[in-house]
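S.K.:
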Amino acid sequence: MTQNPRIQACFNRLRAHGHKGLVGWVSAGDYGLDFSRRMLDTLADAGCDVIELALPFSDPMADGSIIQASYERALRWRAGQNTPPVDLESVLALAADFRQRHLDTVLLLYSYLNPILQMGFAEFGARAVAAGVDGLIVVDMPFEESQLRQPLANLPLEFVQLVAPTTSADRMATTLANHHGLVYAIAVAGVTGQKSAEIDGLTRYVQLVRQHTAQPILVGFGIKTPEQAAAVAQTDADAVVVASAIIDCYDRSLAAGKSLDQALADVSALASAIKAAIVQAATSTPGATPNVRQAV
Amino acid sequence: MGILVDYFTRPSSPGFGRGWQNLPDANGHFGTYGGRFVAETLMPLLLELEAAYLEARQQPEFWAELEELLQHYVGRPSPLYHAKRFTAELGGAQVWFKRDELNHTGAHKINHCLGQILLAKRMGKTRIIAETGAGQHGVATATVAALFGLPCTVYMGAEDVRRQSPNVFRMRLLGAEVVPVTSGTMTLKDATNEALRDWVGHVEDTFYILGSVVGPHPYPMMVRDFQTIIGLETRQQFEAATGHLPDAAVACVGGGSNAIGLFYGFLQDAAVKLIGVEAAGHGLERQHAATLSAGSPGVLHGAFSYLLQDAGGQIAEAHSISAGLDYPGVGPEHAYLKDQGRVSHMTATDKQALAAFQLCAQTEGILAALEPSHALAAVCQLAPTLSQDQHVVVNLCGRGDKDIFTIAEALKDSVTMPEIPTSSSKKVA
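Here the protein sequences come in this chain order: L and F. Everything in the first sequence is counted per the working numbering, starting at 2 for the first residue and increasing by one. Everything in the second sequence is counted per the working numbering, starting at 214 for the first residue and increasing by one.
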């Protein structure tokens with residue numbers, strides 16, 4: 002895998018300013034593909050440095066109930082006669098459309114393995130790069146099965162390596178030794194959007210991950226509020242992932258009878274508040290000034 | 214007794230390792246199938262489980278303890294029975310029933326539940342979880358949890374909770390907590406997702422007793438090993454009764470636990486034809502659960518195998534009248550055995566299974582579960598094409614008491630039921 006220039010630029014910029022990044026989330030096709038298109042713009046405009054664009058899957062065993070419900074809505078969604086099905090095809094089209102308007106925001110495609118496998122890694126890789134996708138998170142493909150993604154080896158599409166609180170130091174050393182892309186540290190032993198990490202334990206855990214990699218570390222799972230995001234920003238993490246809380250925000254707004262515009266405005270307010278909290282926390286933390294690490 | 218001790222731990226014994234190509238490999242692959250396609254959070258747990266199992270697997274004491282329970286608690290060996298009136302009705306090959314429906318709890322699931330809970334005990338785990346479809350695996354898990362005094366939570370699709378309420382009640386009587394799952398299709402696959410999530414969230418104390426030869430490595434290997442007792446017994450019993458081996462061995466395949474158990478007794482005997490029978494539901498051109506016969510390779514629940522899916526890789530809904538076969542995936546070793554050509558596959562529709570169920574009930578006085586009724590339906594097609602000096606063994610992997618309400622409802626609706634013999638018009642062989 003070659004390094005992706007947009008990812009490099011993004012994290013070099015953040016590190017140069019002593020900032021931490023915000024990673025937002027879009028469940029593609031939830032409340033329709035057009036709502037997702039507007040959600041991507043909203044999140045980018047609200048200050049997300051990175052966005053995870055998730056391909057809904059029928060059996061999302063690593064995700065919690067909020068993300069699963071969004072997937073089920075997306076897969077059922079048929080607003081108009083001409084609405085395409087929510088599949089890899091339409092999600093890549095969504096990415097390409099976003100890329101025309103936003104050149105700096107890093108776009109990571111989040112997926113379960115099977116839809117990619119059915120398209121084939123070679124074809125998927127070429128099309129994802131053409132659509133302006135920068136990286137790939139496959140939640141159910143551990144290090145041991147990495148031979149399957151060989152066709153991505155020479156593409157500017159970073160495979161994001163996951164580590165978890167259950168990952169031993171030995172295993173971390175093995176999985177991160179030859180990894181030259183982003184690292185996603187799952188904050189809690191559990192699925193997305195449920196319990197939140199206790200901050201002391203999280204700080205030590207992210208320190209452990211940092212010992213094994215100089216690459217940017219994204220920390221996610223269970224981060225819902227500006228306060229929690231600020232706490233995570235004070236660890237060795239480079240960016241904070243907020244996913245279920247975004248879905249929960251617009252879903253509640255819509256359930257309360259608000260319009261799509263109002264729901265997007267609510268998400269924008271949430272993302273902006275979290276971003277502000279992260280920036281303030283990072284810049285007020287002594288250890289996190291333009292310090293530590295060489296650029297990526 | 215000693216059949217598993219010999220098979221797994223005594224290289225000098227004639228009963229050692231009647232297996233197949235030493236599969237899976239170190240990463241749990243059967244050829245290209247199998248593997249461990251799970252979130253990183255689960256990986257260390259699977260590695261720990263695998264290490265603990267491989268260690269236990271070499272210990273004669275481990276297998277001896279399991280065999281002791283299988284004999285005195287489950288009632289093994291289950292009989293091998295020559296079904297003469299069923300044979301006479303079909304008018305062809307001799308049909309033999311492996312009577313695994315006589316096991317304690319009424320199905321073969323108890324075999325792998327005991328094996329897994331013994332391993333849980335060795336690993337010091339203090340809480341048991343499981344998924345269940347029809348409820349047979351849930352009941353068997355609740356049973357062994359009660360036997361070992363461990364708290365037990367069983368995830369079951371809300372739709373299955375409705376369809377299989379007697380089994381929900383049985384699990385609760387056994388002290389288990391039954392959690393209805395309302396996501397997705399509210400059936401077995403969703404219950405499996407939920408059990409995996411529970412496991413990810415309770416990594417320290419919890420042991421997941423999985424209900425078939427599916428899921429990530431080491432489950433397909435481990436559950437297979439615990440079910441191998443079916444095939445080893447059948448082989449021994451058949452040889453003792455006839456002096457030779459059967460011409461064919463037939464079993465139903467949903468996830469494939471009872472089938473792999475039966476097949477492992479005969480995999481090295483090329484002359485024994487092995488046949489897996491899948492649920493054709495309303496028909497292969499309509500809704501069905503015939504994953505190997507009409508599906509395609511992909512990844513579900515941690516393994517690469519055949520599955521039912523749409524063009525975009527979303528998992529499709531399965532249908533079978535039998536809740537135990539109503540699953541859009543299948544064990545990876547079955548996928549491998551299919552590609553190798555060692556096992557061939559047939560299908561039976563809901564209606565064919567019902568007809569075979571009735572034939573068995575009325576000629577042999579046995580209410581088979583709807584799952585093995587699919588295997589019986591295949592035997593109904595197969596036996597008449599063979600001669601009377603040929604022999605077919607079919608695994609009756611569960612008893613039908615749990616299905617009587619489903620069957621009553623289906624028979625009422627079914628206007629095209631084949632005629633059922635009311636009295637034997639043919640002489641008993």
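Beta carbons are placed, not taken as given, at the ideal position from N, Cα and C, and that holds for glycine.
Please confirm whether G444 (chain F) and G468 (chain F) have their CB atoms less than 8 Å apart.
M.R.: With respect to G468 (chain F), G444 (chain F) sits apart: the two C-beta atoms are not nearer than 8 Å.
S.K.: Excluding the five sequence neighbours on either side, which residues of its own chain have a C-beta within less than 6 Å of the C-beta of I216 (chain F), listed in chain order?
M.R.: L445
S.K.: Let me know if S584 (chain F) comes out buried or exposed under the rule of 16 or more other beta-carbons within 10 Å of its beta-carbon.
M.R.: Reading off the sequence shown, one finds Glu at residue 584 (chain F), where the question assumed Ser. Per the 10 Å Cβ criterion, buried.
S.K.: Using the Cα positions of R405 (chain F) and T398 (chain F), report the straight-line distance between them to the nearest angstrom.
M.R.: Per the sequence shown, the amino acid found at residue 405 (chain F) is Thr instead of Arg. Cα to Cα, T405 (chain F) sits roughly 12 Å from T398 (chain F).
S.K.: I want to verify the contact list: residues of chain L whose CB lies under 7 Å from the CB of T254 (chain F), in sequence order.
M.R.: A165, T167, I187, A190
S.K.: Against chain L, with Cβ distances strictly below 8 Å, would S518 (chain F) count as a contact?
M.R.: Output row for S518 (chain F): interface = no.
S.K.: Could you check whether V367 (chain F) and T354 (chain F) sit closer than 8 Å to each other, using their CB atoms as the reference points?
M.R.: yes
S.K.: Straight-line CA distance for P545 (chain F) to K402 (chain F)?
M.R.: 16 Å
S.K.: Threshold first: 4 residues or longer. Then list the alpha helix (DSSP H) segments lying entirely within the stretch 214 to 246 of chain F, N to C.
M.R.: 216 to 222
S.K.: Hey, V605 (chain F) and D460 (chain F): beta-carbon distance below 8 Å or not?
M.R.: yes
S.K.: Start and end of the alpha helix (DSSP H) containing P257 (chain F)?
M.R.: 256 to 270
S.K.: For F12 (chain L), name the three-state secondary structure that DSSP assigns.
M.R.: helix
S.K.: The alpha helix (DSSP H) spanning P545 (chain F) covers which residue range?
M.R.: 545 to 553
S.K.: Would the beta-carbon of I8 (chain L) fall within 8 Å of that of D135 (chain L)?
M.R.: The answer is yes: Cβ separation under 8 Å.
S.K.: Under 8 Å between C-beta atoms, does L76 (chain L) make it to chain F?
M.R.: Yes, because at least one Cβ of chain F sits closer than 8 Å to the Cβ of L76 (chain L).
S.K.: Measuring only the C-alpha atoms, how far is Q69 (chain L) from Q450 (chain F)?
M.R.: 49 Å
S.K.: Cβ closer than 7 Å: which chain L residues qualify as neighbours of L545 (chain F)?
M.R.: Checking the sequence, you will find Pro at residue 545 (chain F) rather than Leu. Within chain L, no residue comes near P545 (chain F); the closest Cβ sits about 13 Å away, beyond 7 Å.
S.K.: Closer than 7 Å: is that where the CB of A75 (chain L) sits relative to any heavy atom of the ligand GDP?
M.R.: Of the ligands one can find in the structure shown there are none, so the ligand GDP has no counterpart to examine.
S.K.: I'd like to know whether the C-beta of V605 (chain F) is nearer than 8 Å to at least one C-beta of chain L.
M.R.: no
S.K.: Give the interface partners of V241 (chain L) over in chain F, defined as CB-CB distance under 8 Å, in chain order.
M.R.: Chain F residues near V241 (chain L): none, gap ~19 Å exceeds 8 Å.
S.K.: What residue range does the alpha helix (DSSP H) around Q571 (chain F) cover?
M.R.: 563 to 577
S.K.: Nearest by alpha-carbon distance to P224 (chain F): which of F:K625, F:Q271, F:V251, F:A301 is it?
M.R.: F:Q271
S.K.: Is DSSP giving F479 (chain F) helix, strand or coil here?
M.R.: coil
S.K.: When DSSP labels each residue in this structure, what does K640 (chain F) get in the three-state scheme?
M.R.: Confidence at K640 (chain F) is low in this model, with a pLDDT of 42, below 50, so the placement of that residue should be treated as unreliable; the coordinate-derived value is given next. The answer is coil: DSSP assigns K640 (chain F) none of H, G, I, E or B.
S.K.: Which of the three DSSP states, helix, strand or coil, is assigned to A17 (chain L)?
M.R.: helix
S.K.: Counting only Cβ-Cβ distances shorter than 7 Å, please list the residues of the stretch 261 to 285 of chain F near chain L, keeping chain order.
M.R.: none
S.K.: Pull the bridge partners of L255 (chain L) from the DSSP assignment, please.
M.R.: Looking at the DSSP assignment, L255 (chain L) forms no beta bridge with any residue, so it has no partner.
S.K.: Check whether chain F comes within 8 Å of S254 (chain L), counting only Cβ atoms and requiring the distance to be less than that.
M.R.: False, the Cβ-Cβ gap to chain F never drops below 8 Å.
S.K.: Round the Cβ separation of L303 (chain F) and A596 (chain F) to the nearest angstrom and send it over; I've been treating them as touching at under 8 Å.
M.R.: 4 Å
S.K.: Please look up how many angstroms separate the CB atoms of A242 (chain L) and I224 (chain L), rounded, as I've assumed it's under 8 Å.
M.R.: The question names Ala, yet the displayed sequence has Val at residue 242 (chain L). Their Cβ separation, rounded to whole angstroms, is 7 Å, which keeps V242 (chain L) and I224 (chain L) in contact under 8 Å.
S.K.: Might you give, ordered along the chain, the residues of its own chain that have their beta carbon closer than 7 Å to the beta carbon of A174 (chain L), omitting 5 neighbours on each side?
M.R.: H213
S.K.: Going by the CB atoms, is the gap between D50 (chain L) and A240 (chain L) shorter than 8 Å?
M.R.: It is a contact, given that the beta carbons lie within the stated cut-off.
S.K.: Alpha carbon to alpha carbon, how far is S586 (chain F) from G537 (chain F)?
M.R.: 12 Å
S.K.: Tell me, to the nearest whole angstrom, how far the beta carbon of G515 (chain F) is from that of P429 (chain F); I am working on the premise that it is less than 8 Å.
M.R.: So it is a contact: roughly 3 Å between Cβ atoms.
S.K.: What do you get for F517 (chain F), buried or exposed, if any count of 16 or more other CB atoms within 10 angstroms of its CB means buried?
M.R.: buried
S.K.: In chain L, which residues lie with their C-beta within 7 Å of the C-beta of S557 (chain F)?
M.R.: Here the premise fails: no neighbours, minimum Cβ distance about 26 Å.
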